[in-house]
Each structure stands twice: as C-alpha cells, then as structure tokens.
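Reading through the structure tokens given below for one structure.
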Amino acid sequence: MNQRFKDLILAAIKQRLSDLHITGGFPLIFRKDGMIHFDKNIKWSHTEIDAMVKEMLSDRQLQTLRKRWSVDFSLSFNQVRARVNTFYTTRGLSMAIRLLPETIPDLTSLNLHPSLSQITKLQSGLVLVCGSTGSGKSTTIAAIIEEINRTRPAHIITIEDPIEYRFKPKKAFIEQREVGIHVPSFDQGLLDVLRENPDVIFVGELREPETIRLTLNAAESGHLVFATLHASDAEDAAYRINNCATGDNQDVIRYQFASTISWLIVQQLTYIKTLDFRVPVLSILRATPSVQSTIRENKLTQLENIMVTSKNEGMFTMKQYEKDFLSNRLSSFVHPHKSFSMAADSSKEKDYVSSLIDPNAIQDVIYMSTIEDASKSNGSLKLTASDEEEQRYLILEEHDMNLQELLAQFDEKADKKNPHK
Numbered sequence: 033m034n035q036r037f038k039d040l041i042l043a044a045i046k047q048r049l050s051d052l053h054i055t056g057g058f059p060l061i062f063r064k065d066g067m068i069h070f071d072k073n074i075k076w077s078h079t080e081i082d083a084m085v086k087e088m089l090s091d092r093q094l095q096t097l098r099k100r101w102s103v104d105f106s107l108s109f110n111q112v113r114a115r116v117n118t119f120y121t122t123r124g125l126s127m128a129i130r131l132l133p134e135t136i137p138d139l140t141s142l143n144l145h146p147s148l149s150q151i152t153k154l155q156s157g158l159v160l161v162c163g164s165t166g167s168g169k170s171t172t173i174a175a176i177i178e179e180i181n182r183t184r185p186a187h188i189i190t191i192e193d194p195i196e197y198r199f200k201p202k203k204a205f206i207e208q209r210e211v212g213i214h215v216p217s218f219d220q221g222l223l224d225v226l227r228e229n230p231d232v233i234f235v236g237e238l239r240e241p242e243t244i245r246l247t248l249n250a251a252e253s254g255h256l257v258f259a260t261l262h263a264s265d266a267e268d269a270a271y272r273i274n275n276c277a278t279g280d281n282q283d284v285i286r287y288q289f290a291s292t293i294s295w296l297i298v299q300q301l302t303y304i305k306t307l308d309f310r311v312p313v314l315s316i317l318r319a320t321p322s323v324q325s326t327i328r329e330n331k332l333t334q335l336e337n338i339m340v341t342s343k344n345e346g347m348f349t350m351k352q353y354e355k356d357f358l359s360n361r362l363s364s365f366v367h368p369h370k371s372f373s374m375a376a377d378s379s380k381e382k383d384y385v386s387s388l389i390d391p392n393a394i395q396d397v398i399y400m401s402t403i404e405d406a407s408k409s410n411g412s413l414k415l416t417a418s419d420e421e422e423q424r425y426l427i428l429e430e431h432d433m434n435l436q437e438l439l440a441q442f443d444e445k446a447d448k449k450n451p452h453k
C-alpha cells in the first residue's frame with residue numbers, strides 16, 4: 033500500500049477523524065465531529081490517485097471498477113480498518129474513506145439506550161436498524177453481535193459489502209463473507225446461509241426486493257437476522273419492506289414482515305454543543321400485537337402514534353428519546369474518542385484464498401421457484417421465488433445455450449420422470 037496513504041490514515045486516527053475524501057488536484061477533505069474541513073497542504077494529482085488505487089485493488093476489484101466505474105472495498109493495517117468507495121467524477125477517480133476501529137465498541141461506549149442489550153437475548157426474529165449513510169447503523173449492529181459473541185455459543189454468519197468490522201470469535205463461531213469476494217451477491221449468500229446451520233445472520237444492507245424477500249424468509253425460518261436499511265423513520269422503513277413486491281406477493285411480504293419483525297430502530301447522529309461531540313438519537317419500534325396488526329393491515333401511518341403511547345413497552349419516538357434519555361444522561365456520556373480506540377485484541381486472522389476458487393470468476397445467478405417462473409421472465413436474470421424449499425438456481429458459466437434451450441432440457445427431463453403426466 034502507498035506509504036503516503038498509510039501515513040495519512042494513521043494521522044487521521046490520531047486526530048479522531050471519521051471520514052476522508054481524496055480527489056485529483058483538490059485539497060484533502062476530512063470530517064471531524066460531523067463537520068467538513070479542508071487541508072490545503074495535502075493534495076494528490078489525478079495520476080497519483082490512479083496509481084494508488086491500482087496498487088490497492090485486487091484484479092477482481094479492478095475489473096469491477098473498470099466496468100461499473102465504482103467499487104467498494106475495505107483494508108486493514110496497523111490495527112486500523114477503513115471502508116473505501118472509489119468512484120469516477122469530473123476530476124477522475126475519487127475516494128471516500130470511512131475510518132473504523134479494529135476493536136468493536138460496546139453498547140455503553142456508543143451511548144446507546146441500555147434496552148438494546150435485550151436484543152442479544154433473542155433467539156429468532158428480524159432486527160432492522162435504519163438511518164442515513166454515516167449514521168452508525170453498522171456500528172450499532174456490530175456492537176450487538178459482539179455482545180452475542182462474548183456471551184453465548186452461537187454460529188454467526190455475516191454477508192457484507194464490504195466487510196467493515198472483523199470479529200474475533202469468542203464464545204461464538206463467526207464466519208464473514210464479502211459480496212464480490214466470497215459470494216457473488218447478497219441473494220446468493222442468503223440462499224447459501226440457510227444450508228450452513230447458522231443461529232445469527234447479518235445482512236449488510238437491504239437494497240433489492242429479492243434480498244428483502246430472502247431476508248424475511250431467513251427470519252421466518254427461525255433465525256435471528258440483523259439487517260440495515262436506508263429509511264428516515266419507522267413508517268418509511270415499513271413502507272419500503274411492504275412494497276418490495278406487487279400483487280399477491282405484497283400480501284405475503286407484509287404478513288412475513290409483521291410476523292418476523294422484533295425491533296425496528298431508526299438512528300441518526302446529533303451534535304450536542306454542551307458535549308462537543310455527536311451522540312446517536314434513536315426511535316425504537318418493538319413487536320407488539322398492535323404493531324404487528326398495523327403492519328399486516330398496512331396502516332403504517334399509525335406506527336408513530338403507537339410509539340408515542342407505548343413508552344412502557346420500550347418504544348420511543350426520536351423526540352421522546354431526546355427528552356427521556358439524552359437529557360437525563362448529558363453528564364455521563366462516553367466520548368467517542370474512547371469507544372473508537374485501537375486495541376491489541378483485534379482479529380489477527382489472515383485472509384486465505386483457496387486455490388479451488390477463481391477470484392475473477394463472473395457468475396450470472398438465476399433464482400427461480402419453478403420452470404414456469406423462468407419462462408415468464410423472458411430471459412431476465414431477476415426472477416421471483418416462492419417457498420425456500422422450492423428454490424432452485426442455475427449458474428450459467430457458458431453463454432452458448434440460451435434460456436429457452438435450458439427450459440426445453442428441463443421439460444424433457446421432467447417428461448421422462450413423469451411419463452403419465
């Protein structure tokens with residue numbers, strides 16, 4: 033890795049910066065306590081950034097950058113982890129860098145409500161943490177998973193894009209998969225994970241309808257599932273889930289969501305002047321019969337009122353949270369500098385690349401429940417599936433044969449198996 037880049041990251045950690053932005057011919061941009069600053073003394077040329085990015089990326093990541101014009105990846109050195117997005121702009125390649133501690137903060141040091149520790153006792157259900165980019169969603173989930181890791185034997189599997197926090201197995205056995213490196217997609221990872229005997233599943237982000245559907249299937253099948261979603265409030269989050277499908281499938285999704293949701297947390301970071309740092313402000317919706325019924329009946333505008341009147345059941349709107357929790361604890365918050373310290377007990381396990389895996393392979397994965405579903409897709413690679421028991425998928429490594437020819441082969445085999453059909 034470029035030594036100048038390493039020195040920059042180490043200096044940023046010492047100064048407690050959260051984000052760095054590097055773009056060609058322009059001063060370094062950094063974020064501290066949520067505020068953007070410029071450093072005119074640090075600047076990269078366009079060609080220097082090209083060379084630095086090329087040095088950092090694997091062949092597969094370079095291929096993704098060339099074709100998609102952006103790529104996500106993470107890197108780790110000297111007990112420092114960084115999540116990097118490289119993307120194409122009018123100045124050429126730019127880099128947005130989020131700095132992460134190697135040591136995962138606990139719930140107390142993150143200044144989160146103590147009731148969140150109850151989540152670590154759950155055996156099944158869906159825990160959804162929502163908010164905007166940079167609101168600390170992944171850090172909150174990492175702290176909860178780390179508490180499970182520390183307190184109980186469980187098999188935990190994460191599917192992330194990219195991997196942000198590296199877990200060191202303690203009481204739990206943890207396996208982490210990164211989209212684009214260890215698994216081709218979130219959808220493929222979710223199909224795989226149900227056959228890998230997990231107790232806890234973490235899905236890095238719910239973006240596509242199929243990923244949402246498969247995540248609900250995983251929660252419905254008795255696993256404890258964590259996921260993040262970009263949403264501004266509980267109603268927005270529920271709306272996005274409920275409307276990820278159309279027609280009759282929408283009813284199925286809505287009932288699945290109502291029956292599996294356990295906690296729906298919306299998080300944002302707010303700067304408090306008297307503290308001189310940012311703290312998380314939450315809204316918390318918990319699964320009660322009234323909440324489940326409201327989601328099932330698609331009366332989502334009522335969720336805010338339920339939170340207002342359900343304080344005794346552990347629910348908060350953001351206004352209530354600020355009044356009842358933040359205002360009472362202003363003198364006892366932990367400074368973020370302490371929770372984001374670098375420590376020696378971080379995971380030292382090396383990444384291993386199996387000789388049986390082609391790291392540059394490109395897979396086109398087709399998900400289907402029946403051959404009829406595939407034939408209705410007109411060759412589309414994005415197909416619906418019903419029950420997990422009925423799911424099948426094809427990995428098309430050769431493109432000489434089209435979809436209709438494959439369907440004809442399946443029909444021929446089916447006729448042989450069922451001659452009296």
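Our numbering puts the last residue of the sequence shown at 453; the count rises by one with no breaks.
Positions of the beta carbon are idealized from the N, C-alpha and C atoms, including for glycine.
Thinking residue i and residue j are a contact (beta carbons under 8 Å), I'd like their distance in whole angstroms, please.
i: Thr79; j: Thr121; result: Wrong, their Cβ atoms sit about 15 Å apart, outside the cutoff.
i: Lys169; j: Gln299; result: 6 Å
i: Glu381; j: Leu335; result: In fact, because the Cβ distance is near 42 Å, the residues do not count as touching under 8 Å.
i: Ser164; j: His262; result: 7 Å
i: Leu26; j: Ile293; result: With the chain represented from 33 up to 453, any question about residue 26 goes unanswered, as that position is not in the structure.
i: Thr243; j: Leu223; result: So it is not a contact: roughly 11 Å between Cβ atoms.
Starting from residue i, trace the alpha helix (DSSP H) both ways and give me its first and last residue.
i: Ile244; result: 241-252
i: Asn181; result: 169-183
i: Glu237; result: Looking at the DSSP string, Glu237 is not in any alpha helix (DSSP H), and its letter there is neither H nor E.
i: Ala269; result: 266-274
i: Met88; result: 78-88
If you draw a straight line from the C-alpha of residue i to the C-alpha of residue j, how long is it?
i: Leu226; j: Ala259; result: 16 Å
i: Lys75; j: Phe37; result: 11 Å
i: His187; j: Cys276; result: 29 Å
i: Pro241; j: Met84; result: 36 Å
i: Asn360; j: Leu142; result: 16 Å
i: Val215; j: Gly66; result: 33 Å
i: Leu369; j: Ile41; result: The sequence shown places His at residue 369, rather than the Leu named in the question. For His369 and Ile41, the distance between alpha carbons rounds to 16 Å.
i: Phe62; j: Lys72; result: 11 Å
i: Val323; j: Asn330; result: 10 Å
i: Glu228; j: Asp265; result: 33 Å
i: His69; j: Ser291; result: 46 Å
i: Leu256; j: Leu52; result: 34 Å
i: Ile151; j: Gly254; result: 15 Å
i: Gly124; j: Asp383; result: 31 Å
i: Glu179; j: Leu317; result: 21 Å
i: Ser363; j: Val311; result: 13 Å
i: Ile213; j: Gln35; result: 25 Å
Going by DSSP in three states, residue i sits in which element: helix, strand or coil?
i: Glu336; result: helix
i: Ile285; result: helix
i: Asn73; result: strand
i: Thr326; result: helix
i: His145; result: coil
i: Tyr425; result: Since pLDDT at Tyr425 reaches only 41, below the 50 mark, its modelled position is unreliable, and no value is offered.
i: Ser363; result: coil
i: Gln47; result: coil
i: Phe62; result: strand
i: Gln150; result: helix
i: Lys414; result: Note that Lys414 scores 40 on pLDDT, short of 50, meaning its location in the model is unreliable; the coordinates nonetheless yield the value given after this. Correct three-state label for Lys414: coil.
i: Ala263; result: coil
i: Met347; result: coil
i: Ile68; result: strand
i: Phe258; result: strand
i: Val397; result: Note that Val397 has pLDDT 42, beneath the 50 cutoff, so the model's placement of it is unreliable and the number below is only indicative. DSSP places Val397 in strand when its eight states are reduced to three.
i: Glu196; result: coil
i: Leu97; result: helix
Quick check on the DSSP output: the beta strand (DSSP E) that includes residue i runs from which residue to which?
i: Asp104; result: 102-109
i: Gln208; result: 205-210
i: Glu192; result: 187-192
i: His53; result: 51-55
i: Leu223; result: Per DSSP, Leu223 belongs to no beta strand (DSSP E); it is in the alpha helix (DSSP H), 218-225.
i: Ala114; result: 112-121
i: Tyr303; result: 293-304
i: Met127; result: 124-133
i: Ser315; result: 309-318
i: Leu358; result: Neither: Leu358 is in no beta strand (DSSP E) and is coded neither H nor E.
i: Val215; result: Taken as a continuous stretch (DSSP letters only), Val215 belongs to no beta strand (DSSP E), as it is neither H nor E.
i: Val159; result: 157-162
Using the beta-carbon count (16 or more within 10 Å), is residue i buried or exposed?
i: Ser412; result: The predicted model places Ser412 with a pLDDT of 39, which falls under 50 and marks its position as unreliable; any figure quoted below should be read in that light. Ser412 is exposed by the Cβ-count criterion.
i: Ala44; result: buried
i: Trp295; result: buried
i: Glu429; result: Unreliable placement is indicated for Glu429, whose pLDDT of 41 sits below 50; no coordinate value is reported for it.
i: Pro137; result: buried
i: Phe348; result: buried
i: Phe234; result: buried
i: Gln155; result: exposed
i: Val232; result: buried
i: Thr306; result: exposed
Compute every distance between the C-beta of residue i and the non-hydrogen atoms of the ligand GTP, then say whether any falls below 8 Å.
i: Lys169; result: Looking at this structure, you won't find the ligand GTP or any other ligand, since it has none at all.
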